[in-house]
Amino acid sequence: MTQVQVSLILIAVLTIVLIPAAFTIWTPQPTIWLARFLTRKIGPDNYGSKPSDHPELMVQTHVFSDISYPSKYHENKIDLYLPQGVSKPLPVIIFIHGGGFVTGDKFMPANYSRALASDGFAVISMNYELAPKATLFDQTKQVGEVWSYLQQLAQKYPLDPSRVIFAGSSAGAFLAGEFALIQTNTEYAKLVGVPQLVPTNTIKGLLLYSAPYDITAFQHSDVKPVQQFMLKRMGWGILGDKNWMNNPKFDVLNLSKYITKDFPPAFVTDGNTNSFEKQARVFVTALQEKGVPVTSLFFDPAVMKAGHGYQFDMASQASIRSLKQTKEFLKEDTSSS
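Residues in the sequence shown are numbered consecutively from 13, following my numbering.
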């Protein structure tokens, strides 16, 4: 092998190693690509499990897919689930999917949405622009865009914009909780730079499944170096700030600190394995201290294991119990217009 060939091989090796390394330092994109790669096989047919009455739900409900809502962002489609044969305006659940703010899709709560629709609700499952193309705060603004579209949708479908529930799983539940904070706490709205839009008397409740309620906890988390590296870059993509771990302005991402007595009634639940149960319990306590009506559901690990986003494993006993309590909560909080 000649000296020239050796040099060319060395250059090729350095290019293969150094360019991706430099790219990772300059942008959070490679880490986000990895997160999407790891979840690439998740689709409508293999996400969670179907409930035992799935065939009946398919007959009892109908979905209007891929409706575009007015948005400044490219990911702006919703799916609308309705019970069959309904004519009167129904309370509306706006459901925000999870995926760590960087992945996920509106198909994720499909089976759960049908189950709720069969009980007399209109369920809107929304897509939103994923990080790093949009920050967490941009995603919250898109929730407002969907809400703003309700009046127009109600001209075509049996929707009651005066009875709205915001719901979400994981990252989507954080967005739902933050959106509710913005509507009910003027000072918080100013801090995050997202406008108040929704008359608070029309927000009938929140459904919060497996949410991280305090993202500031990740600024000082005690994890292994590789996890710390990934966490730092994920946060960079989500928040648009490379140094987010040391930036006190992100204190606004600890939702429990900003709750007021005007926060909507909430159903809060999480699993006990690989999730955010501790944060959920702190959030529930904060709600109770402000006199906010809250229904919570947690599981004794000695009796039942339930993981992150357990509610979508609809064949499980944990999900069956959660759906039952969700419906009871909804009936109580939407019974009057």
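Ideal placement from N, C-alpha and C gives every residue a C-beta, glycine not left out.
task = May I ask which residues mark the beginning and end of the beta strand (DSSP E) holding Arg48?
result = Here residue 48 refers to the residue found at position 36 when the sequence shown is read from its first residue. Boundaries around Arg48 are those of the alpha helix (DSSP H), 41-50, since no beta strand (DSSP E) includes it.
query = When the Cβ atoms of the region 184-203 are set against those of the region 141-157, are three or more pairs found closer than 8 Å?
reply = Three or more beta-carbon pairs separated by less than 8 Å link the region 184-203 to the region 141-157, which places the two stretches in contact.
ask   = What is the rounded straight-line gap between the Cα of Pro237 and the Cα of Lys244?
value = If you number the sequence shown from 1, residue 237 lands on position 225. If you number the sequence shown from 1, residue 244 lands on position 232. CA-CA distance, Pro237 to Lys244, rounds to 10 Å.
ask   = What residues match up with Ala95 in a beta bridge as DSSP calls it?
value = For the purposes of this step, residue 95 is identified with residue 83 of the sequence shown, where counting begins at 1. Just to set this straight, residue 95 is Pro in the shown sequence, not Ala. In DSSP, Pro95 forms a bridge with Thr73.
query = What's the gap between the Cα of Phe345 and the Cα of Leu220?
reply = Position 333 of the sequence shown, counted from the first residue, corresponds to residue 345. Position 208 of the sequence shown, counted from the first residue, corresponds to residue 220. A small fix is needed here, since residue 345 is Asp in this sequence, not Phe. For Asp345 and Leu220, the distance between alpha carbons rounds to 15 Å.
query = So which of Asn266, Met70, Gly319 has the shortest CA-CA distance to Glu354?
reply = Outside the displayed range of the chain (13 to 349) lies residue 354, so it cannot be described from this structure.
inquiry  = Helix, strand or coil for Leu171? Go by DSSP, reduced to three states.
reply    = The residue you call residue 171 lines up with position 159 of the sequence shown. In this structure, DSSP gives Leu171 an extended state, which the three-state scheme calls strand.
query = Is there contact between the region 224-231 and the region 252-269, where contact requires at least three CB pairs shorter than 8 Å?
reply = Touching, yes.
key: Asp78 in three-state terms, based on DSSP   = Position 66 of the sequence shown, counting from 1, holds the residue named residue 78. Reduced to three states, the DSSP call for Asp78 is strand.
message = Taking the alpha helix (DSSP H) that Ser331 belongs to, which residues open and close that run?
response = Stepping through the sequence shown from its first residue, residue 331 is reached at position 319. DSSP places Ser331 inside the alpha helix (DSSP H), whose first and last residues are 329-345.
request  = Determine the extent of the beta strand (DSSP E) in which Tyr200 is found, giving its start and end residues.
outcome  = Along the sequence shown, one-based indexing puts residue 200 at 188. Taken as a continuous stretch (DSSP letters only), Tyr200 belongs to no beta strand (DSSP E), being part of the alpha helix (DSSP H) at 198-204.
request  = Output the distance between the C-alpha atoms of Leu69 and Leu203, rounded to the nearest integer angstrom.
outcome  = The count along the sequence shown starts at 1 and reaches residue 69 at position 57. The count along the sequence shown starts at 1 and reaches residue 203 at position 191. Between Leu69 and Leu203, the C-alpha separation is close to 43 Å.
key: Own chain residues within Cβ distance below 6 Å of Glu340, not counting five before or after   = The sequence position of residue 340 within the sequence shown is 328, counting from 1. Correct list: empty, nothing qualifies.
query = Any idea which residues DSSP pairs Ser137 with across the strands?
reply = The count along the sequence shown starts at 1 and reaches residue 137 at position 125. DSSP lists Asp91, Phe107 as partners of Ser137.
key: Cut-off 6 Å between Cβ atoms - residues of its own chain near Ile308, not counting five sequence neighbours on either side   = Counted from its first residue, the sequence shown places residue 308 at position 296. In the sequence under discussion, the amino acid at residue 308 is Ser, which differs from the Ile named in the question. Taking C-beta separations shorter than 6 Å and ignoring five residues to either side along the sequence, the partners of Ser308 in its chain run Val280, Val296, following chain order.
request  = For Ala24, collect the residues of the same chain with a Cβ closer than 6 Å to its Cβ; drop the 5 residues on either side in sequence, then sort them by chain order.
outcome  = Mapped onto the sequence shown, residue 24 falls at position 12. A caution first: Ala24 carries a pLDDT of 44, below 50, which makes its placement in the model too unreliable to give a value.
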